[in-house]
Amino acid sequence: MFDALADSTRRGVIRRLGRGPASVGDLAGEFPMTLPSFLKHVRALESAGIIRTSKTGRVRTCVLNRERLALAEDWLAEQRRIWEERTDRLEQFVAGTEEDPS
1 MFDALADSTR RGVIRRLGRG PASVGDLAGE FPMTLPSFLK HVRALESAGI IRTSKTGRVR
61 TCVLNRERLA LAEDWLAEQR RIWEERTDRL EQFVAGTEED PS
């Protein structure tokens, strides 16, 4: 999932889909690339489970999979908590050694 999120075009697609579903054609119009190149980004996001697509007639519509993004958000929140605890302990250690000039 994070590999798919690493690309700025894909993050732009996610931002846009955060406002609601959109057709591939509408999404592609917002990016300076050919439709076949854009479809590679759509497939990457779909393979990662970040978006879902459905086809009605000739129109393929993309929808953000918020549940999948919530998993990443939960993981990031846990990592943030761990690192905040570590930096707090480091800060306490440094403050303690500054007060004790032995």
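Each residue of the sequence shown is one higher than the last, beginning at 1 in the UniProt record's numbering.
C-beta atoms are modelled at their ideal positions from N, C-alpha and C, and glycine is treated no differently.
Only a predicted model underlies this, so the values are computations on that prediction, with no experimental measurement involved.
Contact check for C62 against V42 passes: the beta carbons are separated by less than 8 Å. Under the rule that a run must span 4 or more residues, the alpha helix (DSSP H) segments found entirely inside the UniProt domain "HTH arsR-type" (1-84) read 2-5, 8-17, 24-28, 35-47. In this model, R89 and A77 are separated by some 18 Å (Cα to Cα). Non-local beta-carbon contacts of R60 in its own chain, meaning distances under 6 Å to residues more than five positions away in sequence, involve V24, T53 in chain order.
Only residues of its own chain outside the window of five on either side were considered, and among them I14, L17, G18, I51 have a CB closer than 7 Å to the CB of L64, listed in chain order. Proximity to P21 across R66, A48, R86, T87 peaks at R66, based on C-alpha coordinates. Take the alpha-carbon of S37 and the one of A72: they are about 26 Å apart. Between the alpha carbons of E85 and Q92 lies a gap of roughly 11 Å.
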